[in-house]
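Since the structure comes first, as structure tokens, the remarks are kept for the end.
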Amino acid sequence: MTGERLNGLSLPACAMHQIAEVMVTGLSHDGRGVGRHDDKAVFVPDLLPGERARVRIDRAVGGVLQAVCLERLNDSPQRRRPPCILAEHCGGCSLQHLNHAAQLQSKTGLLEQTLTRIGGVGMLPEAIHSNGAELGYRNRAVIPLERTPEGVLRAGYYRKGSHRIVNMNQCLVLDPRIDALIEPLKEALETSGWSVDRHLEGAGGLRHLALRVSHHSGEILITLISSRSDLPGSQAMAEHWLERWPSVVGVVLNQQDKPSNTLFGPTSTVLAGRDWLRDQFCGLDFAVGCDNFFQVNTPQAEAVALQILEDLPSAGGLVIDAYCGIGAFSLPIAAAGHRVLGLEVQQASIALARRNAALNHLEERCTFVAGAVADHLSTHLAMATAVLVDPPRKGLDRNVRNSLIEQPVPRLLYLSCDPATLARDLKDLTAQGPYRLERLKPFDFFPNTSHVETLAVLSS
Ligand SMILES: C[S@@+](CC[C@H](N)C(=O)[O-])C[C@H]1O[C@@H](n2cnc3c(N)ncnc32)[C@H](O)[C@@H]1O
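Using this note's numbering, you'd call the opening residue of the sequence shown number -14 and step up by one each time.
Shown next as structure tokens:
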């Protein structure tokens, strides 16, 4: 192709910045349209299957091309106007331009393809579980902050593929009770005079604003994540927020001074109120802290918990809840009559899991152990009737898979937030190990994003 003019600029006739016409035939796992150009896969954000577009190819990475859409030549019938006006730019959601029914279809299809391609899994997933609530579902947000040279405070998620904040006053996927706080909190932080770090660099001040709401009780926790511990006037401001918003039960200052993608640092100080909120999950009481893992879509996670209870063997035996967090699944399992051993690496989560067991008078049926699953699992497997694993995106460590293969349990439930690592692990557990896949059930935990949660149930 010869050079083309774009925005008045002459572009070189080389692969990079080449203009091409592409027909999109699929969606990638991260929500980008996928087509072909010059016998290579080309990934283009914001395009849907069935759409043809003029694109600019910007990068070639590992034999695939990455492009941006210059002009869409037709619209998919499944395209819609995104509910959020920032959707085109904000990196928080990648599928707002696809109607919700088509999102569900696409997630099930992608799950099936990934499991077949990577895991050799022959089973079709069951229908994806959705409660239809595609907006207002997230009970938690951790929002990056910045200050312009003129002193204006900006808050928002990063623009797709960059570290530039898309300034927002509202985020439609957030629970409206915390969404309503974004704008007034931004105003308060702007007038505070506190400086803000840039791209997690420096030790000047604020980095993130974290909000968490209890789906059932409505209690709210506000956390300021900062690289320095002294924010002048912060206690008075926090007390004022508690008076102004009765549902806010605590304001916490978390110190994170490492230039790291780990959002929360190790030290938290209460500025006003308390550093935990009261929640319910499956009808049980929970104390949840500002930085513990707790499922962000409460009703959908409760639907998973019910499915887990249905798929466990009859009550009375020992269930190991590996990667148990603060006990969100351990406690409903114990309440159903099982004994539970929870394993979790974060000390603070284990402390809350114990406290939550006591809160519900379940401490006699629950034991919680702090440490890596890989270090503790094999010691207890011989006694277990079932194991639930709910690992982070990277899936199960090789030695965790090996322990489960060497000492098979009658029932293994695997809750996964990443189809690719689930596929790899299922392959090991079923091909090298003694397990049979009994059920694959996806759940729509994160509408308008490309993420999907899947429960796999295996027997040996
Ligand atoms: C996806 S969350 C699941 C938590 C819990 N099942 C729930 O639903 O609330 C994964 C949890 O695993 C913990 N974790 C990560 N790596 C771990 C490891 N190697 N050993 C034990 N726990 C780990 C994290 O701290 C986090 O609480």
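Positions of the beta carbon are idealized from the N, C-alpha and C atoms, including for glycine.
- In the DSSP assignment, residue 261 falls within the unbroken beta strand (DSSP E) covering 261 to 266.
- Per DSSP, the continuous beta strand (DSSP E) segment holding residue 8 begins and ends at 3 to 12.
- Residue 14 sits away from residue 401, with the two beta carbons spaced by 8 Å or more.
- Sixteen is the threshold: when 16 or more other Cβ atoms of the shown chains lie within 10 Å of the Cβ of residue 439, as they do, the residue is buried.
- In its chain, beyond the 5 residues on either side, 286, 313 have a beta carbon closer than 7 Å to the beta carbon of residue 280.
- By the neighbour-count definition (other C-beta atoms within 10 Å, threshold 16), residue 426 is a buried residue.
- Taking 8 Å as the cut-off, the Cβ atoms of residue 298 and residue 396 count as close.
- A straight line joining the alpha-carbon of residue 96 with that of residue 110 spans about 8 Å.
- Here residue 339 has 353 as same chain residues with Cβ atoms under 6 Å from its own Cβ, once five neighbours each way along the sequence are excluded.
- Pairwise C-beta distances place the region 303 to 310 in contact with the region 358 to 378, as three or more of them are shorter than 8 Å.
- Within the region 312 to 398, the runs of alpha helix (DSSP H) that reach at least 4 residues and sit entirely inside it are, in chain order, 315 to 320, 332 to 344, 358 to 365, 383 to 391.
- Between the C-alpha atoms of residue 183 and residue 199 there is a straight-line separation of about 31 Å.
- Within 7 Å of the C-beta of residue 115 there is not a single heavy atom belonging to ligand 1.
- Annotation for residue 224: 257 place their beta carbon closer than 6 Å to its own, counting only its chain and skipping 5 residues before and after.
- Here the region 155 to 174 makes no contact with the region 85 to 102; the two share fewer than three CB pairs at distances below 8 Å.
- Pairing residue 29 with residue 49, the inter-Cα distance amounts to about 11 Å.
- Remark: fewer than three beta-carbon pairs, one from each stretch, lie closer than 8 Å, so the region 380 to 392 and the region 60 to 74 are not flagged as touching.
- Assignment of residue 29 by DSSP, reduced to helix, strand and coil, places it in the strand class.
- Residue burial annotation: residue 214 is exposed, with fewer than 16 other C-beta atoms found within 10 angstroms of its C-beta.
- Relative to ligand 1, residue 428 has its C-beta separated by 7 Å or more from all heavy atoms.
- Taken from the Cβ of residue 142, every heavy atom of ligand 1 lies 7 Å or farther away.
- Look at residue 22 here: in three-state DSSP terms it is strand.
- Contact between the region 115 to 134 and the region 1 to 16 is not established, with fewer than three Cβ pairs separated by less than 8 Å.
- Between the region 266 to 273 and the region 332 to 349, the count of C-beta pairs closer than 8 Å reaches three or more; the two stretches touch.
- If you draw a straight line from the Cα of residue 319 to the Cα of residue 398, it comes to about 16 Å.
- The count of Cβ pairs closer than 8 Å, one atom from the region 131 to 151 and one from the region 406 to 423, stays below three, leaving the stretches out of contact.
- One thing to note: residue 233 has its Cβ within 8 Å of the Cβ of residue 207.
- Nearest neighbour of residue 221 by Cα position, chosen from 332, 61, 236, 62, turns out to be 236.
- Ligand 1 has a heavy atom closer than 7 Å to the beta-carbon of residue 334.
- Using a 10 angstroms sphere on the CB of residue 381, the tally of other CB atoms reaches 16 or more, which defines it as buried.
- Within the chosen limit of 7 Å, ligand 1 does not reach the beta carbon of residue 45 with any heavy atom.
- In this structure, 359 is the residue among 350, 322, 359, 249 with its C-alpha nearest to the C-alpha of residue 328.
- Selection 35, 52, 309 evaluated against residue 42 yields 52 as nearest (Cα-Cα).
- With fewer than 16 neighbouring CB atoms inside 10 Å of its own CB, residue 243 falls in the exposed class.
- Distance from the Cα of residue 87 is smallest, within the candidate group 108, 34, 104, for 34.
- For residue 203, same chain residues with a beta-carbon under 8 Å away, outside a window of 5 residues either side, are 162, 232 in chain order.
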